[in-house]
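> Would you mind keeping the following structure in view while I ask a few things?
In the numbering used here, the protein residues as written are 43 to 689.
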């Protein structure tokens, strides 16, 4: 049962929207751990709100952390507002999407829902002012700060996705290949389907093409099943029954290695044995007992829909009580407590059910492999071979979309931790072993060439899917039903090859001296070169957006040039009132800094007759208290160092 729950958790991690009552824990941010709770209050540390998380009792005392959070909230507001006093929600969400985060991200669900609620309840005409904005983002301040500071694994996400889209369009032009016809349900696939989704280890997501169309995982489920078995049973036990070497033969051959076990978990024989390790016999006996008790012995029919009930819900079929359904478009798993579906729901409307039946009825080769494995005593003692095959067929029939599949791939890229929920789904050992086998055995008879040309772990399927993992960076799912002669997606292979020829993702690419390839993990020069020249030039040209990014990156906004002039000097001399307001209101810089000629910023504004700037600086000087501000600055430097270590 634990193994089945592990698969269910892995599939559930692919969801982009969660039901609050059942999946409230999914809003936990993966950026935050136990150490953070010593620095930030509980709501910020969990990256979510509770019904009481924003009530005044949490602000009983002013701490350096809360002050730092307030300042970060101000900087976030000024970064998004671009000089405006109030902003609409869509402006914030647009800026958010530019970083790669989606409005459907569970980590941001409470933040965005509170924004909408506050806008409805306020009399501001649907706009957020600075105070309302701060209240909404305070629970996700660490995640949002990391996003807008471009501290995600792919800093310039829009530029990166632009390249991905061009590669996608190039691969779209390919017209070769044939749709798999030996399984009737697969033969119905539209050959024009072509979609690619990616998800980074920080939860940045991008999709292009037909990425919301459900399709069967087929062989792409093999690495997931293997990873779950390793997480549950351990490497030594699992590899008593399955090997680690490429077979050099077709994936569905009736063959064993010298030790009398299947060559690896990525061929059919190995996958069937691994399925038997998930204690399928005990699982089916347990549910069969429940079903016989509830549906008068017609358990066998009900077992067939263990993995298909989600679509039944979407068709309006009434389930038994205490079933926890999920969005069928995202994945086709089900979570059962007490109740089950009645066999009456088995009808022509159940597309996924017929995929499973189609797989089962045309699985003569797999039945032959199963009997061969049974004759060679490859199964653990006491395993029901037919039950193992049943589970194997069901797993192959699980439906996902490119979007949800990319989150599964990203979970493998992230060491077994789901990037959009923070939940540890698989052990680090299981992920390492799985990626190693995907690299050497994941692409059928093309595995060697794929490892040579692409150099990344991947798994293909006859449904036209390719699950691609860039370790520690991102996961991708491609879908294009037309297959080449080796059973791999024609467009998918081309896309992967062009991706690696464009970016230095190949495992053996030199990250320092590969001049002809792009490295999307490197920050742009503007962010990387944190020098006074960038700050002063932005102040000279009136580029408030650049200054906001510098401030959000914890740069010292009072840096001086060789003439001891600060950004405030330059902005005052040029008359850029928006820059001046940003520096004095958001950054609270010192207005009394003197340059080499003894002038302060106010003197420059007076000299060049910038009346509006003069008034703003005079008002600011009257309220400026250097001693208190320096104390706050010192505290904030320490707090920002703590924050930097967190993110």
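By construction, the Cβ of each residue, glycine as well, lies at the ideal position given by its N, Cα and C atoms. None of these values were measured; they are calculated from a predicted model.
Use the C-beta contact count for residue 517: other C-beta atoms within 10 angstroms, 16 or more gives buried, fewer gives exposed.
By 1-based counting over the chain shown, the position of residue 517 is 475. Buried, because 16 or more other Cβ atoms sit within 10 Å of the Cβ of residue 517.
> Which residue from 403, 451, 411 puts its Cα closest to that of residue 436?
The count along the chain shown starts at 1 and reaches residue 436 at position 394. Comparing Cα positions, the closest option is 403.
> Output needed for residue 210: all residues of its chain with C-beta closer than 6 Å, excluding positions within five of it in sequence on either side, in chain order.
As a first step, residue 210 must be located in the chain shown, where it is residue number 168. Cβ neighbours of residue 210 beyond the five flanking positions: 238, 250.
> In three-state DSSP terms, what is residue 209?
For this step, residue 209 is matched to residue 167 along the chain shown. In this structure, residue 209 counts as helix in the three-state DSSP scheme.
> What alpha helix (DSSP H) runs, 4 residues minimum, are completely inside the segment 407-468?
Qualifying alpha helix (DSSP H) stretches, in chain order: 427-438, 444-455.
> To the nearest angstrom, how far is the alpha carbon of residue 90 from that of residue 560?
On the chain shown, position 48 is the one that residue 90 refers to. On the chain shown, position 518 is the one that residue 560 refers to. Because the pLDDT at residue 90 is just 37, under 50, the model does not fix this residue reliably, and the point stays unresolved.
> Answer yes or no: do residue 221 and residue 213 have a C-beta to C-beta separation smaller than 8 Å?
On the chain shown, position 179 is the one that residue 221 refers to. On the chain shown, position 171 is the one that residue 213 refers to. Result no, Cβ atoms of residue 221 and residue 213 do not sit closer than 8 Å.
> If you count every other CB in all the chains shown that lies within 10 Å of the CB of residue 558, and 16 or more means buried, which is it?
By one-based count along the chain shown, residue 558 stands at place 516. Exposed, because fewer than 16 other Cβ atoms sit within 10 Å of the Cβ of residue 558.
> Does any C-beta atom of chain D lie closer than 8 Å to the C-beta of residue 413?
No chain D is part of this structure, which consists of one protein chain only.
> Would you report the Cα separation of residue 599 and residue 248, rounded to the nearest angstrom?
As a position in the chain shown, residue 599 is number 557, starting the count at 1. As a position in the chain shown, residue 248 is number 206, starting the count at 1. Answer to the nearest angstrom: the Cα atoms are 34 Å apart.
> Roughly how many whole angstroms lie between the Cα atoms of residue 260 and residue 480?
The count along the chain shown starts at 1 and reaches residue 260 at position 218. The count along the chain shown starts at 1 and reaches residue 480 at position 438. Roughly 15 Å between the two C-alpha positions.
> For residue 150, collect the residues of the same chain with a Cβ closer than 7 Å to its Cβ; drop the 5 residues on either side in sequence, then sort them by chain order.
Locating residue 150 in the chain shown gives position 108, counting from the first residue. Same-chain partners within the cutoff: 143, 182.
> Output the distance between the C-alpha atoms of residue 590 and residue 195, rounded to the nearest integer angstrom.
The sequence position of residue 590 within the chain shown is 548, counting from 1. The sequence position of residue 195 within the chain shown is 153, counting from 1. Distance between the alpha carbons of residue 590 and residue 195: 21 Å.
> Tell me whether residue 129 sits in a helix, a strand or coil according to DSSP, three-state version.
Taking the chain shown and counting its residues from 1, the one referred to as residue 129 is at position 87. Strand, per DSSP.
> Which first and last residues belong to the beta strand (DSSP E) in which residue 242 is found?
Translated into the one-based positions of the chain shown, residue 242 becomes position 200. Element bounds for residue 242: 237-242.
> Quick one: is residue 126 buried, meaning 16 or more other Cβ sit within 10 Å of its Cβ, or exposed?
By 1-based counting over the chain shown, the position of residue 126 is 84. That one is exposed.
> Quick check on this structure: which residue in 485, 430, 501 has the alpha carbon closest to the alpha carbon of residue 450?
What you label residue 450 is simply residue 408 of the chain shown in a count that begins at 1. The option with the nearest alpha carbon to residue 450 is 501.
> If you compare alpha carbons, which of 456, 640, 452, 273 is closest to residue 241?
Residue mapping note: residue 241 aligns to position 199 of the chain shown, counting from 1. Out of 456, 640, 452, 273, 452 has the C-alpha closest to the C-alpha of residue 241.
> Counting C-beta neighbours from all protein chains within 10 Å, is the total for residue 138 16 or more, i.e. buried, or is it exposed?
Counting from one through the chain shown, the residue named residue 138 turns up at place 96. By the neighbour-count rule (16 or more Cβ atoms within 10 Å), residue 138 is buried.
> Relative to the alpha-carbon of residue 308, which residue among 158, 128, 264, 201 has its alpha-carbon at the smallest distance?
Locating residue 308 in the chain shown gives position 266, where the first residue counts as 1. That would be 264, whose Cα lies nearest to the Cα of residue 308.
> When you compare the CB positions of residue 147 and residue 462, do they come within less than 8 Å of one another, or not?
Within the chain shown, residue 147 is the residue found at index 105, counting from 1. Within the chain shown, residue 462 is the residue found at index 420, counting from 1. Result yes, Cβ atoms of residue 147 and residue 462 sit closer than 8 Å.
> Just to confirm my understanding: we take residue 286, look at its own chain, exclude 5 residues before and 5 after, and list those with CB closer than 7 Å. What are they?
If you number the chain shown from 1, residue 286 lands on position 244. Closer than 7 Å at Cβ, skipping near neighbours: 306, 479.
> Could you tell me if residue 706 is buried or exposed, where buried requires 16 or more neighbouring beta carbons within 10 angstroms of its beta carbon?
In the structure displayed, the chain extends from 43 to 689; residue 706 sits before or after that span and is not available.
> Please say whether residue 616 and residue 584 have beta carbons closer to each other than 8 Å?
Reading the chain shown from its first residue, position 542 is the one you call residue 584. Reading the chain shown from its first residue, position 574 is the one you call residue 616. Yes. Within cutoff.
> Output yes or no for whether 8 Å exceeds the beta carbon distance between residue 410 and residue 296.
Along the chain shown, read from residue 1 onward, the residue named residue 410 stands at position 368. Along the chain shown, read from residue 1 onward, the residue named residue 296 stands at position 254. Result yes, Cβ atoms of residue 410 and residue 296 sit closer than 8 Å.
> Less than 7 Å between C-beta atoms, sequence neighbours within five positions excluded: which residues of the same chain meet that for residue 123?
The sequence position of residue 123 within the chain shown is 81, counting from 1. Result list for residue 123: 129, in chain order.
> Count the other CB atoms within 10 Å of the CB of residue 419; is the residue buried (16 or more) or exposed (fewer)?
Start at 1 with the first residue of the chain shown, and residue 419 comes out as number 377. Classification for residue 419: exposed.
> Using 8 Å as the threshold, is the segment 264-274 in touch with the segment 309-317, meaning 3 or more CB pairs across them?
Touching, yes, given that three or more Cβ pairs across the two stretches are closer than 8 Å.
> Apart from the five residues on each side of it in sequence, which residues of its chain come closer than 8 Å, Cβ to Cβ, to residue 512?
Along the chain shown, one-based indexing puts residue 512 at 470. These residues qualify, in order along the chain: 455, 498, 518, 547.
> On the CB-based measure, 16 or more other CB atoms within 10 Å of its CB, does residue 174 come out buried or exposed?
For the purposes of this step, residue 174 is identified with residue 132 of the chain shown, where counting begins at 1. Buried, since its Cβ has 16 or more Cβ neighbours within 10 Å.
> Note down the Cα distance separating residue 176 from residue 254, rounded to an integer number of angstroms.
Within the chain shown, residue 176 is the residue found at index 134, counting from 1. Within the chain shown, residue 254 is the residue found at index 212, counting from 1. So the alpha carbons of these two residues sit roughly 34 Å apart.
> So is residue 179 buried or exposed if we call it buried at 16+ other beta carbons inside 10 Å?
On the chain shown, position 137 is the one that residue 179 refers to. Residue 179 is buried by the Cβ-count criterion.
> Would you tell me roughly how many angstroms separate the C-alpha atoms of residue 637 and residue 495, rounded to the nearest one?
By 1-based counting over the chain shown, the position of residue 637 is 595. By 1-based counting over the chain shown, the position of residue 495 is 453. Cα to Cα, residue 637 sits roughly 58 Å from residue 495.
> Between which residues of its own chain and residue 486 is the CB-CB distance below 7 Å, once the five residues before and five after are set aside?
Position 444 of the chain shown, counting from 1, holds the residue named residue 486. Contacts found: 293, 502, 528, 529, 530.
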